[in-house]
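Protein chains in written order, with my numbering: chain R, 969 to 1371; chain L, 1242 to 1662.
Just so it is clear, CB atoms sit at the ideal spot from N, CA and C, and this is done for glycine as well.
Predicted model only: the values in this text are computed from it and were never measured.
Report on one structure; see the data block that follows.
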């Protein structure tokens, strides 16, 4: 890919809303220690349920209270992130376009599971009452690109709107899509990232798979290194993160300071040899994706200072990812686990990791670390994501250099 | 980027009017309807009872037993259509294996029957009622994953959930992957199944017609949902030439835009759709005068038809380009719609036959269009546009052309500029 400028960040996360608040939280990167109190659904039926939600999320504070009633949580998270990104990048001021215009700015956003909240709510009505009584105003929320569509409506993004879905790899794949859309002139600038919302269905699904952290009181006291080595189970998270991405020349002509540059992407899919298994952690795919991303950026493995990994507490996937990172970058490279701090936010996961990368490239110390220690000021970050089916993607980010 | 021609060398179809491109297009050319009483769930109390279900599809005829265990109906149709497209392209299995093949599939809901089963079990019996083995089958990206597993593709596996424009998004982006040099072959298209929740949703939106879908007709009563899968094999010209493949069509380019207006209704001034169609022409390096036929989005709603009539008037001026909607025959196959229609566009280029809009009885005077009324028409089919609009304000237009008629490829931008900005 061509190097692209990141000129803004809109983020709604468990560690803060907005770039400044998020970066402040990253000054002391630590595993999630929130109460795990559940606001998005009634968790009384799930004793020991602990998730990393965006605490006290109040979209009205950012969007006003009109028009929020039929929006689901996923949409609200994404629309707030969209508004923040547009203003942080200087495309808008006080809600109005001041640089660029609606028909030249678009959004390319990953999401893994859609609005399970809307789907299950309507299914509940259809099953327990009658499908004739489902709320038509909520029906559009069941399509997977609904949240993205609302983001365009609320923020007037008309150049293009592309929803991307590739599980945990989606937000990194969105970078590759955005690079192509910028190259083909389909937009001047794009908001790129991902969103995922907590819901009862998401919790129940991953819980039934046995993928979540065990119900032991002291799990939050485990260090990220211990969690990674023990495969303690994932802490389910949520949020939305969007990077404002544009060609270098546009950032320069707008006089915007670049927060960081996106410069490489790689992906690979290597399913198991046998037909029996569907779920499959593939270290070979991760290795190939990471090596390709570094080569795509025109760099060598020695240039990578730290990896923003997808390590989440899922033992088999973490081991595969760490093994791949070691094969490409050696055993001493510093590896951080953004998900230890922010939770496993699936379709948003790669975007959260890239948001952390932006902070590190701006001078903050990387963490929470699961391996190694960065030996110098961070100039290059590799972001990695493992899919559940043998897929893997990687992105390379760099500190801005004079062009 | 952009100096490579992208060729379509194979197509595959699972539709309510036929499996495989020959059955499908013969039925379209004959104006046969695939609308019939719903059988996959009990629709007797829902106020509407017909849909374009694919009743002849038996997954076991197309999938291995392991694949049958891993797939819902939507993935099964996708895999079947992929196999048909690959057979149609005559491409050797070893040429599909490896990192230079990508799979990009569009959809609205993906494995909708899997999530319905999960939900119903959960609602009736609580979390413990959920069959664990079913959970991994509800993934966001399983449609392309199943195809990539089957053919050994190791490049990008991506789902583009672009609602009812998803097929055009997938095929357009697939072409971009080749033009960007990220793939030599892309297996792409879109799939959707008819399912109770979305059927009821359209009924509740008062968008569903009782018996027939009548695009551009004054007395239209709305959409009829359908299902199916349409897949195409895209190859770089170099790759196709090297293996001696025959190109059925060229993907000239595509255009995207977003209305940013309403979550379900198209913008009444159609400015987004107009921008998308102009962008598709610019991306293809041609002007509107080159277009011979337009496959309409043509859902059978007044809002859609008026918006599309505005697009045609704006883009083509006084020239009335023939337009038709296959949704009059197979219904609105949602995510799969524009992919099934892309296959129809390729077949139109191959045969010179414009499929008709059936049940077209009373022309809507507000839609001043040259609709291919009730019986197929033959005509010049060098350049064909495929129009689509979707929930979320999504607009996408793809441009397909007879191989050799488009200007030589140059690095070109979707706003019409040539070369890098």
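Secondary structure of residue i, DSSP reduced to three states
i: residue 1452 (chain L); result: coil
i: residue 1065 (chain R); result: strand
i: residue 1118 (chain R); result: helix
i: residue 1539 (chain L); result: coil
i: residue 1288 (chain L); result: coil
i: residue 1618 (chain L); result: strand
i: residue 1029 (chain R); result: helix
i: residue 1134 (chain R); result: strand
i: residue 1325 (chain R); result: helix
i: residue 1077 (chain R); result: strand
i: residue 1149 (chain R); result: helix
i: residue 1050 (chain R); result: helix
i: residue 980 (chain R); result: strand
i: residue 1017 (chain R); result: coil
i: residue 1239 (chain R); result: coil
i: residue 1339 (chain L); result: strand
i: residue 972 (chain R); result: strand
Same chain, Cβ closer than 6 Å to residue i, five either side skipped, listed in chain order
i: residue 1455 (chain L); result: 1461, 1541 and 1600
i: residue 1134 (chain R); result: 1141
i: residue 1418 (chain L); result: 1343, 1424 and 1427
i: residue 1361 (chain R); result: 1137, 1140, 1141, 1235, 1257 and 1353
i: residue 1339 (chain R); result: 1303
i: residue 1330 (chain L); result: 1250, 1251 and 1474
Residue-level contact to chain L via CB, residue i, 9 Å cutoff
i: residue 1265 (chain R); result: no
i: residue 1239 (chain R); result: yes
i: residue 975 (chain R); result: no
i: residue 1117 (chain R); result: yes
i: residue 1125 (chain R); result: yes
i: residue 1318 (chain R); result: no
i: residue 1147 (chain R); result: yes
i: residue 1284 (chain R); result: no
i: residue 1082 (chain R); result: yes
i: residue 1356 (chain R); result: yes
i: residue 1183 (chain R); result: For residue 1183 (chain R), the pLDDT reaches just 49, beneath the cut-off of 50, and the residue's location in the model is therefore unreliable, although a value from the coordinates is still provided. Residue 1183 (chain R) does not count as touching chain L.
i: residue 1372 (chain R); result: For residue 1372 (chain R) there is no data in the structure shown, the boundaries of chain R being 969 and 1371.
i: residue 1143 (chain R); result: no
i: residue 1211 (chain R); result: no
i: residue 1104 (chain R); result: yes
Interface flag, residue i vs chain R, CB-CB below 9 Å
i: residue 1650 (chain L); result: no
i: residue 1455 (chain L); result: no
i: residue 1311 (chain L); result: yes
i: residue 1462 (chain L); result: no
i: residue 1467 (chain L); result: no
i: residue 1398 (chain L); result: yes
i: residue 1450 (chain L); result: no
i: residue 1425 (chain L); result: no
i: residue 1509 (chain L); result: no
i: residue 1547 (chain L); result: no
i: residue 1438 (chain L); result: yes
Spatial neighbours of residue i in its chain, beta-carbon cut-off 7 Å, leaving aside the 5 residues before and after
i: residue 1574 (chain L); result: 1293, 1433, 1467, 1468, 1469 and 1581
i: residue 1313 (chain R); result: 1164, 1205, 1206, 1207 and 1320
i: residue 1169 (chain R); result: 1084 and 1088
i: residue 1341 (chain L); result: 1396, 1424, 1425 and 1426
i: residue 1501 (chain L); result: 1634
Within-9 Å CB hit, residue i to chain C
i: residue 1444 (chain L); result: Absent from the structure is chain C; the protein chains it does hold are R and L.
Residues near residue i by beta carbon distance below 8 Å, same chain, minus five either side
i: residue 1444 (chain L); result: 1287, 1288 and 1289
i: residue 1544 (chain L); result: 1506, 1507 and 1509
Cβ contact check for the segment 1257-1273 of chain R and the segment 1417-1434 of chain L: 3 or more pairs under 8 Å: no
For the segment 1270-1277 of chain L against the segment 1355-1366 of chain R, are there 3 or more C-beta pairs whose distance is under 8 Å? no
Which whole runs of the alpha helix (DSSP H) in the segment 1495-1575 of chain L are 4 residues long or more, in chain order? 1512-1525, 1543-1557 and 1568-1571
Cβ pair count under 8 Å reaching 3, the segment 1291-1305 of chain R against the segment 1209-1220 of chain R: no
State whether the segment 1626-1638 of chain L contacts the segment 1304-1311 of chain L, with contact taken as three or more CB pairs (one from each stretch) at a distance under 8 Å. no
So within the segment 1372-1417 of chain L, which uninterrupted beta strand (DSSP E) runs reach at least 3 residues, ignoring any that extend past its ends? 1398-1401
Give, in chain order, every unbroken run of the beta strand (DSSP E) that is at least 3 residues long and sits entirely within the segment 1457-1484 of chain L. 1469-1477
With three or more C-beta pairs closer than 8 Å as the rule, is the segment 1346-1362 of chain L touching the segment 1215-1227 of chain R? no
Quick check: the segment 1336-1351 of chain R against the segment 1148-1161 of chain R, are there 3 or more CB pairs under 8 Å? no
Okay, do the segment 1059-1079 of chain R and the segment 1100-1109 of chain R touch, 3+ Cβ pairs below 8 Å being the bar? no
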